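Student: Take a look at the following structure, please.
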Amino acid sequence: MATPDPHPEECPIGVIGAGSFGTALAIHLARRNGPTLLWGRDGERIAAMQAARENAQYLPGCAFPAKLTATADLPALVTACADLLLATPAHALRETLRRLAPLLRPRQGIVVACKGLEPGSGRLIHEVFADELAGSRPLAVLSGPTFAKELGLGLPTAVTIASTDQAFAEKIAKHLHGGGFRAYWTDDLVGVQIGGAAKNVMAIGVGIADGLALGANTRAALITRGLAEIMRLAEALGARAETLMGLAGMGDLVLTCTDNQSRNRRLGLLLAQGKSVEEASREIRQVVEGVRAAPEVLRLAHRHSIEMPITAAVAAVLAGQMSPVEAVRALATRPAKAETG
Numbered sequence: 001m002a003t004p005d006p007h008p009e010e011c012p013i014g015v016i017g018a019g020s021f022g023t024a025l026a027i028h029l030a031r032r033n034g035p036t037l038l039w040g041r042d043g044e045r046i047a048a049m050q051a052a053r054e055n056a057q058y059l060p061g062c063a064f065p066a067k068l069t070a071t072a073d074l075p076a077l078v079t080a081c082a083d084l085l086l087a088t089p090a091h092a093l094r095e096t097l098r099r100l101a102p103l104l105r106p107r108q109g110i111v112v113a114c115k116g117l118e119p120g121s122g123r124l125i126h127e128v129f130a131d132e133l134a135g136s137r138p139l140a141v142l143s144g145p146t147f148a149k150e151l152g153l154g155l156p157t158a159v160t161i162a163s164t165d166q167a168f169a170e171k172i173a174k175h176l177h178g179g180g181f182r183a184y185w186t187d188d189l190v191g192v193q194i195g196g197a198a199k200n201v202m203a204i205g206v207g208i209a210d211g212l213a214l215g216a217n218t219r220a221a222l223i224t225r226g227l228a229e230i231m232r233l234a235e236a237l238g239a240r241a242e243t244l245m246g247l248a249g250m251g252d253l254v255l256t257c258t259d260n261q262s263r264n265r266r267l268g269l270l271l272a273q274g275k276s277v278e279e280a281s282r283e284i285r286q287v288v289e290g291v292r293a294a295p296e297v298l299r300l301a302h303r304h305s306i307e308m309p310i311t312a313a314v315a316a317v318l319a320g321q322m323s324p325v326e327a328v329r330a331l332a333t334r335p336a337k338a339e340t341g
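Structure follows, in structure tokens:
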């Protein structure tokens, strides 16, 4: 396997996490910026990807650009890249940061592209980051309506990059922007993170409703009321409403709820067929972030006294406390109320 050449100026952003989204981002960066490194923990699989010039397991049909190198050598990647983009699942973020901590250089920036809350603690990405890498190191969170396959194929895509360090956000946006890819930035870290975590829960709910053949009216109602739930929670945590009306909120919610490329939507469809969470997850064969996110989003809502009935219903189905039909009935029999209440 090729060893990365340790010249940071030649690799602006290295990607850590060789799943579907990490691979798609690495492909895009290699198209835009030249030499790009993609790290995965499984050396044998990474070697196969490097030889085949494709991630056949997670992103088949998306050829690697000539300047993309897949590597299992994490220290060499950290040395060779100016900044790092983490595309590991949310539940693996803390472990990844701990592994990176002794390797990082001063002021080497981190962009996190996972969506979710930490299982067990409900902590947001920036909170986990602060726990593990306290100091002046810049952090950004990348989110928005992005299916990996479409990004890997070079189809038009737009994202939001959130950071309290505007210079860092603009720097990352500049590296990503172009070739049909639009990158916007914001300083609303909380809003972008809540939008990215909670939309996965709503997509499971919409998948359940569609799997039960409840129709387009129900789908539209769930998406709209789901957005209202997300906005209530985000604003209680200090986010801005306009963030949730943008790419990282409404944009990502609509995408994830309405297209079968969404793992969360597909899980809901399978639950409606009578399959268990474990059976549905095995069939999908990739991490379904909404399964872990649902109880954490609900716990966060309870902590801040925010009513989130759709989230509660989805969490109950995932925990085996309700069947999909019972969850829909519970939502349908809620009392009438003012829409803005």
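The sequence shown begins at 1 in the UniProt record's numbering and counts up one residue at a time. Using N, Cα and C, we set each Cβ at its ideal position, and we do this for glycine too. Note that the structure is predicted; figures quoted are calculated from it, not measured.
Could you tell me which whole alpha helix (DSSP H) segments of length 4 or greater appear in the segment 187–216?
Tutor: The segment 187–216 contains these whole alpha helix (DSSP H) runs: 189–211.
Student: Inspect the beta-carbon positions of Ile-208 and Ala-330 and report whether they are closer than 9 Å.
Tutor: One-based indexing of the sequence shown puts residue 208 at position 208. One-based indexing of the sequence shown puts residue 330 at position 330. No, the pair does not count as a contact, with Cβ atoms beyond the cut-off.
Student: For the 8 Å Cβ check, are there 3 or more pairs between the segment 114–127 and the segment 178–197?
Tutor: The segment 114–127 is in contact with the segment 178–197.
Student: Can you check whether the CB of Ala-148 is closer than 9 Å to the CB of Phe-21?
Tutor: As a first step, residue 21 is located in the sequence shown; it is residue number 21 there, counting from the start. As a first step, residue 148 is located in the sequence shown; it is residue number 148 there, counting from the start. Contact: yes.
Student: So for Ile-306, helix, strand or coil by DSSP?
Tutor: The sequence position of residue 306 within the sequence shown is 306, counting from 1. DSSP places Ile-306 in coil when its eight states are reduced to three.
Student: Can you tell me where the alpha helix (DSSP H) holding Leu-68 begins and where it ends?
Tutor: The sequence position of residue 68 within the sequence shown is 68, counting from 1. Where Leu-68 is concerned, there is no enclosing alpha helix (DSSP H), although the beta strand (DSSP E) it sits in stretches over 68–71.
Student: Skipping 5 residues on each side, what residues in its chain have a beta carbon closer than 6 Å to that of Glu-9?
Tutor: As a position in the sequence shown, residue 9 is number 9, starting the count at 1. Interpretation of Glu-9 is limited by its pLDDT of 49, a score under 50 that renders its predicted location unreliable; no figure is taken from the coordinates.
Student: Please state whether DSSP places Val-141 in a helix, a strand or coil.
Tutor: Position 141 of the sequence shown, counted from the start, is the residue given in the question as residue 141. Three-state result, Val-141: strand.
Student: Give me the Cβ distance between Ala-70 and Gly-40, rounded to the nearest whole Å; I'm assuming they're in contact under 8 Å.
Tutor: On the sequence shown, position 70 is the one that residue 70 refers to. On the sequence shown, position 40 is the one that residue 40 refers to. With 8 Å as the limit, Ala-70 and Gly-40 qualify as a contact, their Cβ atoms being about 7 Å apart.
Student: Which residues does DSSP list as the beta-bridge partners of Asn-55?
Tutor: Position 55 of the sequence shown holds residue 55. Answer is Leu-59, bridged to Asn-55.
Student: Please name the residue, chosen from Gly-144, Ile-13, Glu-44, Asp-42, that lies closest to Leu-29 on a Cα-to-Cα basis.
Tutor: Along the sequence shown, one-based indexing puts residue 29 at 29. Here the closest residue by C-alpha is Ile-13.
Student: Between Asp-165 and the rest of its own chain, which residues show a CB-CB distance below 6 Å, the 5 nearest in sequence each way excluded?
Tutor: For the purposes of this step, residue 165 is taken as the residue at position 165 of the sequence shown. Closer than 6 Å at the Cβ level, and outside the excluded window around Asp-165, lie Pro-138.
Student: What residues are listed by DSSP as bridge partners for Leu-74?
Tutor: For this step, residue 74 is matched to residue 74 along the sequence shown. Looking at the DSSP assignment, Leu-74 forms no beta bridge with any residue, so it has no partner.
Student: Between which residues of its own chain and Arg-98 is the CB-CB distance below 7 Å, once the five residues before and five after are set aside?
Tutor: Taking the sequence shown and counting its residues from 1, the one referred to as residue 98 is at position 98. Contacts found: Glu-132.
Student: Once you ignore the five residues that flank Pro-309 on each side, which residues in its own chain have a CB closer than 7 Å to its CB?
Tutor: Here residue 309 refers to the residue found at position 309 of the sequence shown. Closer than 7 Å at the Cβ level, and outside the excluded window around Pro-309, lie Leu-331, Arg-334.
Student: Kindly indicate the opening and closing residues of the beta strand (DSSP E) around Ala-162.
Tutor: Taking the first residue of the sequence shown as position 1, residue 162 is located at position 162. From DSSP, the beta strand (DSSP E) with Ala-162 extends over 157–162.
Student: Using only the alpha-carbon positions, how far apart do Asn-55 and Ala-338 sit?
Tutor: Counting from 1 along the sequence shown, the entry for residue 55 is found at position 55. Counting from 1 along the sequence shown, the entry for residue 338 is found at position 338. So the alpha carbons of these two residues sit roughly 49 Å apart.
Student: Determine the DSSP secondary structure at Arg-282, reduced to helix, strand or coil.
Tutor: The residue you call residue 282 lines up with position 282 of the sequence shown. In the structure shown, Arg-282 sits in a helix (DSSP, three-state: H, G or I).
Student: What is the DSSP secondary structure of Gly-14, reduced to helix, strand or coil?
Tutor: For this step, residue 14 is matched to residue 14 along the sequence shown. Correct three-state label for Gly-14: strand.
Student: Tell me which same chain residues have a C-beta within less than 8 Å of the C-beta of Leu-267, skipping the five on either side of it?
Tutor: Position 267 of the sequence shown, counting from 1, holds the residue named residue 267. So the qualifying residues of the chain are Ile-204, Gly-207, Val-277, Ala-280, Ser-281, Ile-284, Val-288, Gly-290, Val-291.
Student: Assuming contact is defined by CB atoms lying nearer than 9 Å, are Ala-80 and Asp-42 in contact in what I supplied?
Tutor: Against the sequence shown, residue 80 aligns to sequence position 80. Against the sequence shown, residue 42 aligns to sequence position 42. No, these two residues do not count as a Cβ contact at 9 Å.
Student: Just how far apart, CA to CA, sit Glu-150 and Leu-68?
Tutor: For this step, residue 150 is matched to residue 150 along the sequence shown. For this step, residue 68 is matched to residue 68 along the sequence shown. Their backbone Cα atoms lie some 18 Å apart in a straight line.
Student: Do you know whose CA, among Thr-218, Asn-217, Gly-144, Ala-221, lies nearest Gly-191's CA?
Tutor: On the sequence shown, residue 191 is found 191 positions in, with the first residue counted as 1. Measuring from the Cα of Gly-191, the nearest candidate turns out to be Gly-144.
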